[in-house]
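Undergrad:
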Amino acid sequence: MPSNEYKLTKNYCLLLKFLRTPFLRIVYLRDFLLFQIYIRSSDADRTLASAQAVVMGMFSAKESINSTSWLPIPIHATSPGFPDPYCKVTAIDCPLQHRLEDETNKDEGNTYNEQYKELFKFLENATGIENFNFEDADSIYNIQREIWNGLVDKQPSWINQTWPQYNNRTTMDIIIELNNHLSLNQANSFEKSKALTGLTLYNWLQNMMQATEGKAKQKMLLFSSHDGTLSSFLYSLIVANGLTVPYSAAIIMEVYSDDNSSRSQVELYYRNETHSNSPFRLYFPECYDSCYVDSLMGIYKNSVLESLDDMYQYCESNLTACNPTPKASKSARSQTSIIGIVLSTIFISILYVQ
243 MPSNEYKLTK
253 NYCLLLKFLR
263 TPFLRIVYLR
273 DFLLFQIYIR
283 SSDADRTLAS
293 AQAVVMGMFS
303 AKESINSTSW
313 LPIPIHATSP
323 GFPDPYCKVT
333 AIDCPLQHRL
343 EDETNKDEGN
353 TYNEQYKELF
363 KFLENATGIE
373 NFNFEDADSI
383 YNIQREIWNG
393 LVDKQPSWIN
403 QTWPQYNNRT
413 TMDIIIELNN
423 HLSLNQANSF
433 EKSKALTGLT
443 LYNWLQNMMQ
453 ATEGKAKQKM
463 LLFSSHDGTL
473 SSFLYSLIVA
483 NGLTVPYSAA
493 IIMEVYSDDN
503 SSRSQVELYY
513 RNETHSNSPF
523 RLYFPECYDS
533 CYVDSLMGIY
543 KNSVLESLDD
553 MYQYCESNLT
563 ACNPTPKASK
573 SARSQTSIIG
583 IVLSTIFISI
593 LYVQ
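Positions in the sequence shown are counted from 1; adding 242 to them yields this note's numbering.
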């Protein structure tokens with residue numbers, strides 16, 4: 243497997259192994275017909291590669307290439323340069339979100355610039371970044387990604403320097419902490435997450451309703467996306483834990499029918515440990531166990547945006563769906579659904595399993 247951050251790594255193989263566990267009843271997916279599966283990706287190489295790898299792992303042609311029952315599964319992607327409100331939300335220009343993120347970073351920056359002023363002065367000299375401050379932590383965070391991918395010998399010695407005044411943590415320990423704050427500040431409020439993934443949440447809820455009403459022709463909807471989208475989506479669901487989404491994480495949402503009720507129910511799980519096959523149970527707000535699908539519509543009624551134009555309006559943008567000019571951000575169950583992350587890529591799917 244390639245080892246740089248833009249390619250797939252062994253962490254991804256571990257996620258694929260998890261997706262094949264009995265917990266998800268993946269064995270039934272082999273019987274799906276082509277028209278029952280819809281796969282969508284952002285236009286990034288790594289998300290397209292992620293989607294292809296999942297298709298290869300879950301719907302392998304190895305044993306059925308000579309069988310007329312097997313067909314290649316198409317992967318859909320948004321045209322380059324066009325807004326993608328489902329897989330690449332942080333690339334859509336949203337003045338409201340940018341302003342709120344800047345305000346949060348400024349407030350936290352006042353604290354961290356004072357707290358770590360000695361470290362920042364050192365990093366200014368070590369990196370050549372003038373007036374190194376809180377927001378510059380993102381500039382050198384890629385060093386940690388290289389370390390995770392085995393490029394340890396090529397790193398400067400100062401990354402392992404310990405700082406007694408900061409509880410003997412290393413330079414990279416502190417950079418990771420600061421970068422986590424910067425990453426979460428993209429969407430860690432109701433307004434920011436609604437601006438970014440309010441439309442994504444609406445789409446999810448609509449898909450679930452169509453499934454429970456028997457109107458969904460697909461049994462599996464898969465979205466290969468980015469960590470910023472997943473992080474914001476967790477805040478939209480009001481289940482975020484205040485931690486960045488790690489590599490090869492997965493969120494699993496199961497929608498199932500209860501024989502004792504005519505109403506479909508939903509359960510939510512989060513696999514956020516690369517080497518674990520046991521996801522953590524999460525709970526929707528106002529639900530102490532499983533939650534009825536129609537209840538979710540009420541719980542999140544103020545968190546959703548119903549169209550791209552609604553998203554632009556909420557974002558205080560001058561764009562419209564007819565004239566989009568996207569700008570990169572600076573920074574026994576009858577249905578089942580899954581959301582997950584691969585590397586810095588999200589892998590989202592909704593499964594409808596009979």
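C-beta atoms are modelled at their ideal positions from N, C-alpha and C, and glycine is treated no differently.
Where does Ser-467 sit, in a helix, a strand or coil, going by DSSP?
TA: Within the sequence shown, numbered from 1, the residue matching residue 467 stands at position 225. In this structure, Ser-467 counts as strand in the three-state DSSP scheme.
Undergrad: Determine the direct distance from the alpha carbon of Ala-368 to that of Ala-286, and round the result to whole angstroms.
TA: Translated into positions along the sequence shown, residue 286 becomes position 44. Translated into positions along the sequence shown, residue 368 becomes position 126. So the alpha carbons of these two residues sit roughly 33 angstroms apart.
Undergrad: Using only CA atoms, which one of Leu-510, Ile-541, Asp-531 lies nearest to Ser-520?
TA: Residue mapping note: residue 520 aligns to position 278 of the sequence shown, counting from 1. Nearest of Leu-510, Ile-541, Asp-531 to Ser-520, Cα basis: Leu-510.
Undergrad: Pull up the distance between the alpha-carbon of Leu-547 and that of Lys-436, whole angstroms please.
TA: One-based indexing of the sequence shown puts residue 547 at position 305. One-based indexing of the sequence shown puts residue 436 at position 194. If I take the Cα positions, the gap works out to 7 angstroms.
Undergrad: Do you know offhand how far Asp-326's Cα is from Thr-404's?
TA: If you number the sequence shown from 1, residue 326 lands on position 84. If you number the sequence shown from 1, residue 404 lands on position 162. Their backbone Cα atoms lie some 42 angstroms apart in a straight line.
Undergrad: Can you say whether Val-296 is buried or exposed, counting buried as having 16 or more other CB atoms within 10 angstroms of its CB?
TA: Here the question's residue 296 lines up with position 54 in the sequence shown. Flag for Val-296 reads buried.
Undergrad: Identify the continuous beta strand (DSSP E) that holds Glu-509 and give its terminal residues.
TA: Sequence index remark: in the sequence shown, residue 509 carries index 267 (1-based). Where Glu-509 is concerned, the enclosing beta strand (DSSP E) stretches over 506-513.
Undergrad: Could you work out which residue in Cys-336, Arg-282, Pro-316, Tyr-328 is closest to Ser-559 when comparing CA atoms only?
TA: Here residue 559 corresponds to residue number 317 of the sequence shown, with the count starting at 1. Nearest C-alpha to Ser-559: Cys-336.
Undergrad: Consult DSSP for Ala-570 and reduce its assignment to one of helix, strand or coil.
TA: The sequence position of residue 570 within the sequence shown is 328, counting from 1. With a pLDDT of 41 at Ala-570, under the threshold of 50, the modelled position of this residue cannot be trusted, and the question is left open.
Undergrad: For Gly-484, count the other beta carbons within 10 Å of its own beta carbon; 16 or more makes it buried, fewer makes it exposed. Which is it?
TA: Numbered from 1 along the sequence shown, position 242 holds the residue referred to as residue 484. So Gly-484 ends up on the exposed side.
Undergrad: In the structure shown, what three-state DSSP assignment does Glu-343 receive?
TA: Start at 1 with the first residue of the sequence shown, and residue 343 comes out as number 101. It is helical.
Undergrad: Can you grab the Cα-Cα spacing for the pair Met-414 / Gln-386, in whole Å?
TA: By 1-based counting over the sequence shown, the position of residue 414 is 172. By 1-based counting over the sequence shown, the position of residue 386 is 144. Straight-line Cα distance between these residues: approximately 7 angstroms.
Undergrad: Distance, Cα to Cα, Thr-486 vs Ile-494?
TA: Along the sequence shown, one-based indexing puts residue 486 at 244. Along the sequence shown, one-based indexing puts residue 494 at 252. Rounded to whole angstroms, Thr-486 to Ile-494 spans 17 angstroms at the Cα level.
Undergrad: Name the residue from Thr-442, Phe-432, Asn-347 whose alpha carbon lies nearest to the alpha carbon of Cys-215.
TA: Residue coverage of the chain in this structure runs from 243 to 596, which leaves residue 215 outside it and unanswerable.
Undergrad: Can you tell me whether DSSP reads Ser-499 as helix, strand or coil?
TA: As a working mapping, residue 499 is identified with position 257 in the sequence shown. Note: Ser-499 maps to strand in three-state DSSP.
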